[in-house]
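Written out below as structure tokens is the structure these notes cover.
Protein chains: 4
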Amino acid sequence: MADDATTVAALRARVAGFVRERDWEKYHRPKNLASAISVEAAELLELFQWRSDSEPVDAELKARVEDELADVVIYCLSAANTMDIDLSDAVLRKVGRNEARYPAKEWRGRARGASLEG
Amino acid sequence: MADDATTVAALRARVAGFVRERDWEKYHRPKNLASAISVEAAELLELFQWRSDSEPVDAELKARVEDELADVVIYCLSAANTMDIDLSDAVLRKVGRNEARYPAKEWRGRARGASLEG
Amino acid sequence: MADDATTVAALRARVAGFVRERDWEKYHRPKNLASAISVEAAELLELFQWRSDSEPVDAELKARVEDELADVVIYCLSAANTMDIDLSDAVLRKVGRNEARYPAKEWRGRARGASLEG
Amino acid sequence: MADDATTVAALRARVAGFVRERDWEKYHRPKNLASAISVEAAELLELFQWRSDSEPVDAELKARVEDELADVVIYCLSAANTMDIDLSDAVLRKVGRNEARYPAKEWRGRARGASLEG
Numbered sequence: 065m066a067d068d069a070t071t072v073a074a075l076r077a078r079v080a081g082f083v084r085e086r087d088w089e090k091y092h093r094p095k096n097l098a099s100a101i102s103v104e105a106a107e108l109l110e111l112f113q114w115r116s117d118s119e120p121v122d123a124e125l126k127a128r129v130e131d132e133l134a135d136v137v138i139y140c141l142s143a144a145n146t147m148d149i150d151l152s153d154a155v156l157r158k159v160g161r162n163e164a165r166y167p168a169k170e171w172r173g174r175a176r177g178a179s180l181e182g
Numbered sequence: 065m066a067d068d069a070t071t072v073a074a075l076r077a078r079v080a081g082f083v084r085e086r087d088w089e090k091y092h093r094p095k096n097l098a099s100a101i102s103v104e105a106a107e108l109l110e111l112f113q114w115r116s117d118s119e120p121v122d123a124e125l126k127a128r129v130e131d132e133l134a135d136v137v138i139y140c141l142s143a144a145n146t147m148d149i150d151l152s153d154a155v156l157r158k159v160g161r162n163e164a165r166y167p168a169k170e171w172r173g174r175a176r177g178a179s180l181e182g
Numbered sequence: 065m066a067d068d069a070t071t072v073a074a075l076r077a078r079v080a081g082f083v084r085e086r087d088w089e090k091y092h093r094p095k096n097l098a099s100a101i102s103v104e105a106a107e108l109l110e111l112f113q114w115r116s117d118s119e120p121v122d123a124e125l126k127a128r129v130e131d132e133l134a135d136v137v138i139y140c141l142s143a144a145n146t147m148d149i150d151l152s153d154a155v156l157r158k159v160g161r162n163e164a165r166y167p168a169k170e171w172r173g174r175a176r177g178a179s180l181e182g
Numbered sequence: 065m066a067d068d069a070t071t072v073a074a075l076r077a078r079v080a081g082f083v084r085e086r087d088w089e090k091y092h093r094p095k096n097l098a099s100a101i102s103v104e105a106a107e108l109l110e111l112f113q114w115r116s117d118s119e120p121v122d123a124e125l126k127a128r129v130e131d132e133l134a135d136v137v138i139y140c141l142s143a144a145n146t147m148d149i150d151l152s153d154a155v156l157r158k159v160g161r162n163e164a165r166y167p168a169k170e171w172r173g174r175a176r177g178a179s180l181e182g
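Residue numbers (the working numbering), protein chains in the order written: chain A, 65 to 182; chain B, 65 to 182; chain C, 65 to 182; chain D, 65 to 182.
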């Protein structure tokens, strides 16, 4: 699996190269990237909007999810590049904060009002 | 920088552990995660909604962006776990498709209608 | 019910007055309003993100939905004011197009791929 | 202008009729509608994502904005129908709360942290 062998930095570099080769830095300003992440997130959501919770994810849907999820992540990587943000550090620190905020003992099995992002 | 040394799999494992310890898998079904990604993306966008393009990102804003960007990415990682999606593979394949779709020679400096996600 | 007696123009005028009294027109440019509509839409979505399809909407949730739905609509009204768009005309024409695109005879009871917005 | 002569109830009735004729009520449950509103809001945002604040809205863009704005509003109207919410009442009450929260004297010309939705 590529995820086992690919660092976040490697993905950021690939995206940075793509942007640079096309001189698209001027489009990749923070506000535009924030908009793009929302737009792509909605394209992912659209795949599920009329489905019920219980419908399984078949191979066709999974392929489309991979495509839209990639789009969201690509723009997140570009945002990290543009604003010089260490994504791994930000993610790990946030998970740590959530672990303290939602101790497993108290929150096992229940999540009303709770979430991964706190 | 943590991004240089952290694989996507390592981040996924951290998020998976957080979810498992709390028995939150039942909340992390695909449709809910797609909703969560959109919700977090909008919280990131909200940081910019009244700002003009030209306002710089100061240290305070950058810290808030890191926090919201982490939230988006955390849910993307959880979605990859839930649906068994290799994020690096999906991202690299998509960038490759976009490289072919937007050859640098033709698209340098212009992007009307073009985007990273194609 | 206020909806029976309130024209869209009356709602637009109320919102326009609010904006004008505060000299907030400079914030209510099209791109900012488009961002605001997305941000508010996500706050509405957030009320449902961990719920299952079958959970009923109780009085407490309904009150919160009213609040967030109002926010979305308020920004849509402001966008109509800013860009001089007749909302009723746009809505009625779109429903008409969808009626032609999804004839009731063929589409009764099924909607995979179909939607209100077409 | 149609907005001068069209009540919110009239628009709601048109949307309700469209849904009923197709037996689409089962798709128009609250959570699905909340998702749809977000999806449509993002399609509206997409029209602006690579534009700068200063680019004017030409006739072509305005036509596309009308179309996407109609989609957002149509789903808001359906949500009001599904959850028996008086939209005009909700909007007017919210504007009233915001008028009290952001007195014109104090907030004229400045909005950092302030917004229409409070």
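We treat Cβ as the ideally placed atom computed from N, Cα and C, and that holds for glycine.
Identity of the residue in the options nearest residue i by Cα
i      : options                          : result
A/N145 : A/S99, A/D67 and A/E89           : A/E89
D/D149 : C/A98, C/V103, C/E130 and C/A105 : As written in the sequence, residue 149 of chain D is Ile, which differs from the Asp given in the question. For D/I149, the nearest C-alpha among the options comes from C/E130.
C/A127 : D/N162, D/K169, D/V155 and D/E85 : D/V155
B/E132 : A/E132, A/D122 and A/A143        : A/A143
D/S118 : C/Q113, C/W114, C/C140 and C/K95 : C/K95
C/R174 : A/W114, A/K158 and A/T70         : A/W114
D/R161 : C/F82, C/T71 and C/T70           : C/F82
D/S116 : C/R93, C/P120 and C/S116         : C/R93
Proximity below 7 Å, CB of residue i to CB of residue j
i      : j      : result
A/S99  : B/A66  : no
A/R172 : B/D87  : yes
C/A73  : D/D68  : yes
C/A168 : D/E163 : no
Contacts around residue i, its chain only, beta-carbon distance under 7 Å, and the 5 residues preceding and following it disregarded
i      : result
C/L125 : L111
C/V159 : none
Residue environment, residue i, which counts as buried when at least 16 other CB atoms sit within 10 Å
i      : result
D/R76  : buried
A/A134 : buried
C/R13  : It is not possible to answer for residue 13 of chain C, since the shown part of chain C is limited to 65 through 182.
Chain-order list of residues whose beta-carbon lies under 8 Å from that of residue i (same chain, five-residue window excluded)
i      : result
D/V136 : I101, E104, A105 and L108
C/L97  : Y139, S142, A143 and T146
D/E120 : Looking at the sequence itself, residue 120 of chain D is Pro, so the reference to Glu does not match. If we look at D/P120 and ignore the five residues flanking it on each side, it has no Cβ neighbours.
C/S170 : Per the sequence shown, residue 170 of chain C should be read as Glu rather than Ser. Contacts found: none.
Cβ shell of residue i (< 6 Å), same chain only, five flanking positions each side left out
i      : result
B/A80  : N145
A/Y91  : none
C/R157 : none
A/T70  : none
Within-7 Å CB hit, residue i to chain G
i     : result
D/Y91 : Considering every chain present, this structure includes no chain G. Its protein chains are A, B, C and D.
At 4 residues or longer, what runs of the alpha helix (DSSP H) sit wholly inside the region 121-163 of chain C? The region 121-163 of chain C contains, as complete alpha helix (DSSP H) runs of 4+ residues, the segments 123-147 (chain order).
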